[in-house]
Each structure stands twice: as structure tokens, then as C-alpha cells.
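Novice: Which chain is which? The protein sequence lines are H and G, in order. Counting from 1, one number per residue, gives the positions in the first sequence under the working numbering. Counting from 413, one number per residue, gives the positions in the second sequence under the working numbering. Even glycine gets a Cβ: it sits at the ideal position worked out from N, Cα and C. Note that the structure is a prediction, hence the values are computed from the model and not measured. One structure is given below, represented as C-alpha cells, and several questions about it will come after.
There are 2 protein chains.
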Amino acid sequence: MAEPAQQQEGAPAGALDGIRVLDFSRIFAGPAATQILGDLGADIIKIEEPGTGDGARSFGVTEEAMARYGASPSYLALNRNKRSMVLDLRKPEARELAARMAAECDVVINNFRPGAMATFGLGYEQLKQANPGLIFCEFSAYGDSGPLSHLGANDVALQAHSGMMSITGEADGEPVRCGTAVIDLHASLALVSGILAALFHRQRTGQGQRVETSLLRSSAHLMNYFYTDYWLTGAIHKPMGTANHLSVPNQAFPAADGRVVIIAPADDMWKRCAAALDPERLDKPQFRTAFDRRRNRVELVAVLSEVTRALPSRVIVEKLGAAKVNVAKVHDVGEAADHAQLAAIGGVVAIGEGAGAIRSVSSPFALSATPARIDRPPPELDADQAAILDQFGIGQDERARLTQAGAFGAPA
Amino acid sequence: MAEPAQQQEGAPAGALDGIRVLDFSRIFAGPAATQILGDLGADIIKIEEPGTGDGARSFGVTEEAMARYGASPSYLALNRNKRSMVLDLRKPEARELAARMAAECDVVINNFRPGAMATFGLGYEQLKQANPGLIFCEFSAYGDSGPLSHLGANDVALQAHSGMMSITGEADGEPVRCGTAVIDLHASLALVSGILAALFHRQRTGQGQRVETSLLRSSAHLMNYFYTDYWLTGAIHKPMGTANHLSVPNQAFPAADGRVVIIAPADDMWKRCAAALDPERLDKPQFRTAFDRRRNRVELVAVLSEVTRALPSRVIVEKLGAAKVNVAKVHDVGEAADHAQLAAIGGVVAIGEGAGAIRSVSSPFALSATPARIDRPPPELDADQAAILDQFGIGQDERARLTQAGAFGAPA
Chain H
1 MAEPAQQQEG
11 APAGALDGIR
21 VLDFSRIFAG
31 PAATQILGDL
41 GADIIKIEEP
51 GTGDGARSFG
61 VTEEAMARYG
71 ASPSYLALNR
81 NKRSMVLDLR
91 KPEARELAAR
101 MAAECDVVIN
111 NFRPGAMATF
121 GLGYEQLKQA
131 NPGLIFCEFS
141 AYGDSGPLSH
151 LGANDVALQA
161 HSGMMSITGE
171 ADGEPVRCGT
181 AVIDLHASLA
191 LVSGILAALF
201 HRQRTGQGQR
211 VETSLLRSSA
221 HLMNYFYTDY
231 WLTGAIHKPM
241 GTANHLSVPN
251 QAFPAADGRV
261 VIIAPADDMW
271 KRCAAALDPE
281 RLDKPQFRTA
291 FDRRRNRVEL
301 VAVLSEVTRA
311 LPSRVIVEKL
321 GAAKVNVAKV
331 HDVGEAADHA
341 QLAAIGGVVA
351 IGEGAGAIRS
361 VSSPFALSAT
371 PARIDRPPPE
381 LDADQAAILD
391 QFGIGQDERA
401 RLTQAGAFGA
411 PA
Chain G
413 MAEPAQQQEG
423 APAGALDGIR
433 VLDFSRIFAG
443 PAATQILGDL
453 GADIIKIEEP
463 GTGDGARSFG
473 VTEEAMARYG
483 ASPSYLALNR
493 NKRSMVLDLR
503 KPEARELAAR
513 MAAECDVVIN
523 NFRPGAMATF
533 GLGYEQLKQA
543 NPGLIFCEFS
553 AYGDSGPLSH
563 LGANDVALQA
573 HSGMMSITGE
583 ADGEPVRCGT
593 AVIDLHASLA
603 LVSGILAALF
613 HRQRTGQGQR
623 VETSLLRSSA
633 HLMNYFYTDY
643 WLTGAIHKPM
653 GTANHLSVPN
663 QAFPAADGRV
673 VIIAPADDMW
683 KRCAAALDPE
693 RLDKPQFRTA
703 FDRRRNRVEL
713 VAVLSEVTRA
723 LPSRVIVEKL
733 GAAKVNVAKV
743 HDVGEAADHA
753 QLAAIGGVVA
763 IGEGAGAIRS
773 VSSPFALSAT
783 PARIDRPPPE
793 LDADQAAILD
803 QFGIGQDERA
813 RLTQAGAFGA
823 PA
């Protein structure tokens, strides 16, 4: 497992071959981050609590589905390329073992509440004594200082706190959430970015460091241009359905079947849009410039809707695509997941075979010289205890002692 | 600026000190990515087209605001720590200069349509001849192969295409967009991650490579657990307002003033929630387990709404926060931007002084040994031509020749 397939002149096959990650993270952001590190070739050792393991395993799943698939779709989507071992961190023996393992890892990552790792004897100040090159990652809800740092939160809490919810919804309607956990998943890439920056720095200098992020940082990054606008001009934007305040047209329009979004922010693109669909009704002086179109938004949307409502979505997409106008069909989840374009760019990965195969989405970038390695399905709870203990040189006597002490969960 | 402040024993002050990035990217995702690289200490050379420059400079701004602030809030939010130079890539002399510059850079990044850089003589196959360690990044709408690769698109188009829009909105209402450009901004972190992985690999092996991503990859990553759920079970989720399908309660509730989100997915957290707010009405057998609460969602939401509607949001947040139940107020953009917590964790950065200061959001992660360097306000168009030409050793005669040829835009 830790043997990297050699590609050429000793170059690693994966960008992170040989990098070992001790992963205490649970639920979404942390596991999504370590899945990407695993795709890049890192060895991901997922430490889980006894019994339930990572809470995402049972997240939102019916008892029947749990029995059928073994874990929730969320867990299966975010935990390939990892190995699992149970440790009961309430037991001192388990904490000691974790500290020994951390001494031989490159990266430790957790999303316990701020300070919890230190109470386990696993804080950065403690672990770096034995391992000064360690990259130690903490991920929390609101960060580790400030008036809200003691609060827990999840994606939807930060959609509320950050103002994202207040700009999402029908015009004049109630705020709604973005349907997917964008803040959690954005945070996963913030973690990946921070870890990779720290690894690069360590490779140049030998120096390890602490990487810190939070749902709050992730949410603020997703809201950044709204905040800068507010700080500069005082503007407090509101929901606009599928439209936005930046340009017109830039929203969904009705087709004879379903809906399409049409976006033509630039004047020449709008001119091509009007020409492709119905120049007589659309190529009007009151719509000519970006300022005109924003000023006459209501009229433009009404007229363009009349035009599109008469056409099948396929025709609208073809005509506007050919005219180099931004256009897309509003897909449901199934149409999107199965669309040929996603598979064509390598966006879908399958692990396992036949009925047991798990399909999931690839890491969100591709590297030409060090392509993603996808070779392990999401692990069953504690599936890799023996291999992991071998790897860290934990002998049979010691295993017996640890088992007796309940370090791996209730003694058998 | 290229002089890294030395921190200790030759260790770079920023993780990317000494890394030089030639940045052809425009609008959102690419500029957001290079801003983060700049915060990490890289030297970002922003190449812009003559006249308008980066289209984001005027995106969605009134003529008055443009005159007052010099550029749009979006541009100002995403372009600190860069220097700007205009090149007219329609001119062969400008392309030759760009190729010479690329030969002395570590990273080249662009979001032209797939293939455009190659037609300029600036494709990866061309540039790597002179610079085999180059990291060459391409960012496009749908990727560079497959049936949709010829189409342009923006954030909202991919919110439609990816199914994100189809799960966002009121239950039984029309799909709406997530109010902010989540797919673009998520793609920015995918770019940062890919570039940093490639830099780490190059540091270990000397080998450069091509980094590729797209709005499509970013959107699919944000939708990943919905796709895996669909592939596994056939489930096609629909909008649920502020709620989601994973657990109950997990949505916004009315307060006497405004709204709060309350999230209590685990049974013990729900018990604490009920105890803190109104045990008599909430601590009921039909709400006891996660499966019970999903089954009796309508009843639970109705009763909990009655309870919260009588309380000020401040009281709800205090009571539930103290009970370790996830809770957050639904803020508007101004409340969110100005919340003390964001400033407390270093989430707000200001550049410049007095009335000219620009406030923007920090990079979405923090590194303890190599903190972010924030030292340049977003550049005015072409502000750094002379310094950049000096840096690449372009002498006065050559500048005159390039100017004459229109490489820097229409000759003066």
C-alpha cells in the first residue's frame, strides 16, 4: 500500500506518494479533504470512534438503506482511498497510541471542537515536540478565537450566519438554503490548499506548521464580493430567484419543456443572443448596453420569456450555443449526474465491481504528470486495524494490552 | 516585492515566496485563485487586455460607481496582491513577449476557451520546451473534451447544468440560484489545490505539469453526495426551502425578530434542544430518534416554530448555544460582513488608508509559520508595466519597438 508505483527515474506516481495522513476528521469537510489527498497518492489513516464510527456513515439514511448499502451515500461519496481503524480516545492507551502514530505521520487533521485535541494530549504543541515537521490541521465551525468560537455549527448554520441564505430565494420570498453543503465542501478545498501550501513550505525548509480553517472562513470566502460591495457602498443584496444583480439577462427562462438559463452580460453577446432567437423582438435600442439592460430588466425578461417559452430547450441550447452565448439547461440531479459531459472529462470514478461498485465524483482538478489514483472503496468501520498496526510496528503483545485496555473499543 | 522578507535562517516568510505566476485569467475563478497565491507570497503578474482590462473591473457597476471606486466591488474583492500589465495578444510581438516571460515563470494560468493559448503560441506543449518545470493551468467551463467542451458558461449556467438549482428553492416552488457564485469560487480553490500539488511534486522531482479544471468539475464536486445517492438509490432530491433531507430539525425557524436556523441531527442534541426551549411541548416520544423526527417532520417543524416565534432571536441563540445545540441567526449581508467573529479570526483584511482603504475577505485558511502577506491593493489597469518589464530585463529599445508594434495596446 505504501509502496508507490515508480513511474520514471524515481518520480512518484502520485503527487503525494509517501505522505502519511492521520485523519481524525468526521462528517463532511475533513473527509472530503482527505479523500482528495488520497486521490493524490497520500496514505490516509481514518481514525473512527467505536460503535458508530464517522457520524456520516448513518447520516440521513433509512434503516433499510443502511442495511442494503452499508453506509450513507454521503459517507460513500467522500471516503474512498482511505483505511479505517477504531480508537476510543477516551482511553489513555488509545491516546498514547495515537500520539505514537502522529510522530510518524506528515499530516494530522481533526475537526473536534477547538482545544479538544490538546485535552487528549494530541494538540499541536504536544505533537510537534516529537515531530517538528508535522503539519497539524484544525477545522472548526467559527475558528478558535472570538465571541462565537465555543459554538458548534454545520453547513446550514453558516449559510444563515454568513448572509448566503439572505441572498438566496425568490425575489420578495423567504430566504432558502443552497441545496447542497457548499460551505462544508468549499472548506474541504481550503483544507487541501492549506495542507499543500504547508507541505511545499516544509519541502523547501523542513519547517512544519499549523493549518487552521473553519466553516466561517469558508463561508466568508464564498460571500467575499458581497461583503466588499457592502463595505464599499453599503449595498445589502436580496434574493433574486435565478437572477443576479451583475447583469441582464443572467437567469432561468421557461422553455416549452423545462427551463434554460441564458447569460449574456456583454453587449456583443446580447446582440448575438437577440439575433439567434428573435431579432425583431429582442434587438431593441432599450436593451443595447449593459446599463440599458439592467435599467430595463423587467421588460427584457418578459419579452425574452415569451420568445423562449415557444421553443424546446434543446433548440434554445443549440441556437445559443452556436452563437457563443452562455446557455444551459436546468437539469435535475439525475440528468446532471448521468450527463455524458461529466464522464467525458473523467469526472466520474467507479470503485469495486458489478453490483458492489460505488460511483463517486472525481477530485475537482486533474494533474497531467501525476494523475489521480483511485484504488480503494470507502472502508468498512475498523477494516484495516491489523494492517495499520503492522505499519506502525505495533507487535502482538502490545496489541493484546491495547485491546485489554479498551483502546480499540469495548474489549471483545 | 520580489524581495522576500527573511524570517529566520533563510526560511521564506511566505509559503510561496519566490514563486512567479503569469496570470492571464479573468473574471472570478482564476483571479480568486491567484489572489490566494499572492497572499501566500507568490509574485502575481496580471496580464490584461487593452482598454477594458479584466472584464470584472466593470461587472455589474453603474457608471457613477465606476467613476467613484475605479472598479467593481467584485474586482476589488479578488485582485489584491497582484501587479497589472496590458498586453494585446492579437499582436505577434505581444505573444512573443508573453512567451519570453512564461519561460521565467513557475506558473502560467489562463481561462481562455480550450485551445486559445495554443493558437497564441502559448500552449503548454509550446511553453514547456523552454521551461520544462512550468506548471501550466487551464480553467474552462466544461473541460477540454466531450460534447459540451466548445460551450462557454458561467457560474449560474453550471448551477443549472449541475442540478444545484434543482435542489435549491422553496418546496414545490421554482428552482432558484444560490445567491453567490459558489461554483466559480469553489473552482478557485480547486485551481489553488492543483497548483500547490504540482509545485510540491516539482519540488520533489523537478517535473512540471499541466493542471486542468473547469466549472463542471467544481460543480460536480459540490454536488457529489447527491450524485452518489442518485447512482446508488435513484433518488432525485428536490428543493426543501431551508431544510434538507438528512435530518430534522435542520432549517430556519421564525423568531420574534427575524429567523434562526436550528440543527439537531443527533438524538442527544435534540433532547438538549427540547430541554432548553420547551420540554413539555418538544420532548415527545414521536420525536425521540432521528428516524422518528424524519418521519414526523411536519409536526415537529410546526410545534418548534410555535415555540421559537415567541422568543427573540438573541434568546434562542443564547439558550441553544449554551445547550450545545447548533444554532445561528439568519443574517443579512451587512450583519454578516460586520459580525465581530469574522474580524476576530482575521477574516477581514484592509489595504490602503482612510477613505481609500479597500476591505476584503482573507484567504480561507491560515498558516501559523507562513502567515498571509497582504501588501498591495488591487492594481489599476497597466499600473506596473515599467516594473514588470524591468524585472524581465526588457530594455528601452525593445520597449520602444513593442510599443510601436502595439503590443501594449494602441500606440500612444
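If you count every other CB in all the chains shown that lies within 10 Å of the CB of Ser780/G, and 16 or more means buried, which is it?
Specialist: Counting from 1 along the second sequence, the entry for residue 780/G is found at position 368. By the neighbour-count rule (16 or more Cβ atoms within 10 Å), Ser780/G is not buried but exposed.
Novice: For Glu3/H, is the classification buried or exposed, using 16 other Cβ atoms within 10 angstroms of its Cβ as the cut-off for buried?
Specialist: The residue you call residue 3/H lines up with position 3 of the first sequence. At Glu3/H the pLDDT is 36, less than 50, meaning the model places this residue with poor confidence and gives no usable figure here.
Novice: Could you work out which residue in Ala274/H, Ala220/H, Phe365/H and Leu122/H is closest to Glu747/G when comparing CA atoms only?
Specialist: Locating residue 747/G in the second sequence gives position 335, counting from the first residue. Ranking Ala274/H, Ala220/H, Phe365/H and Leu122/H by Cα distance to Glu747/G puts Ala220/H first.
Novice: So which of Glu792/G, Val660/G and Ala668/G has the shortest CA-CA distance to Val737/G?
Specialist: Stepping through the second sequence from its first residue, residue 737/G is reached at position 325. Taking only the C-alpha atoms, the option nearest Val737/G is Val660/G.
Novice: Could you list which residues in chain G have their beta carbon closer than 8 Å to that of Val182/H, in chain order?
Specialist: Here residue 182/H refers to the residue found at position 182 when the first sequence is read from its first residue. Correct list: Cys590, Val594, His598 and Leu634.
Novice: I need the DSSP call for Pro279/H, collapsed to helix, strand or coil.
Specialist: For the purposes of this step, residue 279/H is identified with residue 279 of the first sequence, where counting begins at 1. Here Pro279/H carries a helix assignment [DSSP, helix/strand/coil].
Novice: Between Pro691/G, Asp669/G, Ala687/G and His657/G, which has its C-alpha nearest Pro677/G's C-alpha?
Specialist: For the purposes of this step, residue 677/G is taken as the residue at position 265 of the second sequence. The candidate whose alpha carbon is nearest that of Pro677/G is His657/G.
Novice: Taking a contact to mean a Cβ-Cβ separation below 9 Å, would you say Pro783/G touches Arg492/G in this structure?
Specialist: Numbered from its first residue, the second sequence carries residue 783/G at position 371. Numbered from its first residue, the second sequence carries residue 492/G at position 80. No, the pair does not count as a contact, with Cβ atoms beyond the cut-off.
Novice: Taking the beta carbon of Asp809/G as the centre, do at least 16 other beta carbons fall within 10 Å, making it buried, or is it exposed?
Specialist: Translated into the one-based positions of the second sequence, residue 809/G becomes position 397. The residue is exposed, with fewer than 16 neighbouring Cβ atoms inside 10 Å.
Novice: Measure the alpha-carbon distance for Pro175/H versus Asp669/G and round it to whole angstroms.
Specialist: Taking the first residue of the first sequence as 1, we reach residue 175/H at position 175. Taking the first residue of the second sequence as 1, we reach residue 669/G at position 257. Going by the C-alpha atoms only, they are around 15 Å apart.
Novice: At least one CB of chain G closer than 9 Å to the CB of Thr403/H: is that the case?
Specialist: Residue numbering aside, residue 403/H sits at position 403 when the first sequence is read from its first letter. With 9 Å as the cut-off, Thr403/H does not count as an interface residue toward chain G.
Novice: I believe Leu754/G touches Leu216/H by the beta-carbon criterion, under 8 Å. Please report the beta-carbon distance rounded to the nearest angstrom.
Specialist: Taking the second sequence and counting its residues from 1, the one referred to as residue 754/G is at position 342. Taking the first sequence and counting its residues from 1, the one referred to as residue 216/H is at position 216. The C-beta distance from Leu754/G to Leu216/H rounds to 7 Å, short enough to fall under 8 Å.
Novice: For Lys329/H, collect the residues of the same chain with a Cβ closer than 7 Å to its Cβ; drop the 5 residues on either side in sequence, then sort them by chain order.
Specialist: Mapped onto the first sequence, residue 329/H falls at position 329. Cβ within range, chain order: Gly258, Val260, Ser313 and Val317.
Novice: Would you check if the distance between the CB atom of Arg83/H and the CB atom of Arg376/H is smaller than 9 Å?
Specialist: Within the first sequence, the letter at position 83 stands for residue 83/H. Within the first sequence, the letter at position 376 stands for residue 376/H. In this structure, Arg376/H lies closer than 9 Å to Arg83/H by Cβ.
Novice: Any beta carbon from chain G within less than 9 Å of Gly395/H's own beta carbon?
Specialist: One-based indexing of the first sequence puts residue 395/H at position 395. By this cut-off, Gly395/H is not an interface position.
Novice: For Leu393/H and Arg399/H, I'd like the C-alpha separation in whole angstroms.
Specialist: Counted from its first residue, the first sequence places residue 393/H at position 393. Counted from its first residue, the first sequence places residue 399/H at position 399. Here residue 393/H is Gly; the residue named in the question, Leu, does not match the sequence. Each residue's alpha carbon lies about 10 Å from the other.
Novice: Can you say whether Gln420/G is buried or exposed, counting buried as having 16 or more other CB atoms within 10 angstroms of its CB?
Specialist: One-based indexing of the second sequence puts residue 420/G at position 8. Annotation note: pLDDT 48 at Gln420/G (below 50); position unreliable, coordinate value reported separately. Result: exposed.
Novice: From the DSSP output, in three-state form, read off Ser774/G for me.
Specialist: Taking the first residue of the second sequence as 1, we reach residue 774/G at position 362. Of the three classes helix, strand and coil, the one that applies to Ser774/G here is coil, per DSSP.
Novice: Is any beta-carbon of chain G found at less than 9 Å from that of Arg20/H?
Specialist: As a working note, residue 20/H is residue 20 in the first sequence. Closer than 9 Å: no.
Novice: From the DSSP output, which residues share a beta bridge with Ile45/H?
Specialist: Taking the first sequence and counting its residues from 1, the one referred to as residue 45/H is at position 45. Leu22/H and Arg83/H.
Novice: Taking the C-alpha atoms as reference points, what is the distance between Ala769/G and Val715/G?
Specialist: Here residue 769/G refers to the residue found at position 357 when the second sequence is read from its first residue. Here residue 715/G refers to the residue found at position 303 when the second sequence is read from its first residue. Linking Ala769/G to Val715/G through their CA atoms gives a straight-line distance of about 48 Å.
Novice: I'd like to know if Met577/G contacts chain H, where contact means its C-beta is closer than 9 Å to some C-beta of that chain.
Specialist: Position 165 of the second sequence, counted from the first residue, corresponds to residue 577/G. At least one chain H Cβ lies under 9 Å of Met577/G.
Novice: Please confirm whether Ala441/G has its beta-carbon closer than 9 Å to some beta-carbon of chain H.
Specialist: Counting from one through the second sequence, the residue named residue 441/G turns up at place 29. So no, Ala441/G is outside the interface.
Novice: Among all the DSSP beta bridges, which residues are the ones paired with Leu779/G?
Specialist: For the purposes of this step, residue 779/G is taken as the residue at position 367 of the second sequence. The partner list for Leu779/G (beta bridge, DSSP) reads Val211/H.
Novice: Whose CA, out of Val773/G, Asp796/G, Ala667/G and Leu644/G, lies closest to the CA of Tyr69/H?
Specialist: Along the first sequence, one-based indexing puts residue 69/H at 69. Measuring from the Cα of Tyr69/H, the nearest candidate turns out to be Leu644/G.
Novice: May I have the straight-line CA-CA distance separating Asp584/G from Pro651/G, to the nearest angstrom?
Specialist: Residue numbering aside, residue 584/G sits at position 172 when the second sequence is read from its first letter. Residue numbering aside, residue 651/G sits at position 239 when the second sequence is read from its first letter. Approximately 7 Å, taken between the alpha carbons.
Novice: I'd like to confirm the pairing. Which residues does DSSP put opposite Ala328/H in its beta bridges?
Specialist: As a working note, residue 328/H is residue 328 in the first sequence. According to DSSP, which records beta bridges pairwise, Ala328/H is partnered with Val261/H.
Novice: So, Phe120/H versus Ile167/H, is the Cβ gap smaller than 9 Å?
Specialist: Within the first sequence, numbered from 1, the residue matching residue 120/H stands at position 120. Within the first sequence, numbered from 1, the residue matching residue 167/H stands at position 167. No; because the gap between Cβ atoms is not below 9 Å, this pair is not in contact.
Novice: For Ala290/H and Met223/H, what's the separation of their Cα atoms in angstroms?
Specialist: Position 290 of the first sequence, counted from the first residue, corresponds to residue 290/H. Position 223 of the first sequence, counted from the first residue, corresponds to residue 223/H. Near 24 Å, if we compare the C-alpha coordinates of Met223/H and Ala290/H.
Novice: By Cβ distance, which residues of its chain are closer than 7 Å to Ala817/G, with the 5 residues on each side in sequence left out?
Specialist: For the purposes of this step, residue 817/G is taken as residue 405 along the second sequence, with counting starting at 1. Lys503 and Glu505.
Novice: Specify, as a first and last residue, the run of the beta strand (DSSP E) that Lys522/G falls within.
Specialist: As a working mapping, residue 522/G is identified with position 110 in the second sequence. Here residue 522/G turns out to be Asn, not Lys, going by the sequence shown. Element bounds for Asn522/G: Val519 to Asn522.
Novice: Considering only C-alpha positions, which residue in the set Val623/G, Arg525/G, Pro443/G and Arg614/G is nearest to Gly867/G?
Specialist: Beyond the ends of chain G as shown, which are 413 and 824, falls residue 867/G; an answer cannot be given.
Novice: Please classify Thr831/G as buried or exposed, where buried requires at least 16 neighbouring CB atoms within 10 angstroms.
Specialist: Beyond the ends of chain G as shown, which are 413 and 824, falls residue 831/G; an answer cannot be given.
Novice: Name the residue from Leu560/G, Ala565/G, Gln538/G and Asn523/G whose alpha carbon lies nearest to the alpha carbon of Glu550/G.
Specialist: On the second sequence, residue 550/G is found 138 positions in, with the first residue counted as 1. Ranking the options by Cα distance to Glu550/G, first place goes to Asn523/G.
Novice: Phe703/G touches chain H at which residues, Cβ-Cβ below 9 Å?
Specialist: Position 291 of the second sequence, counted from the first residue, corresponds to residue 703/G. Under the 9 Å cutoff, chain H gives Thr62 and Glu63.
Novice: Under three-state DSSP, which class holds Asn250/H?
Specialist: Sequence index remark: in the first sequence, residue 250/H carries index 250 (1-based). Strand.
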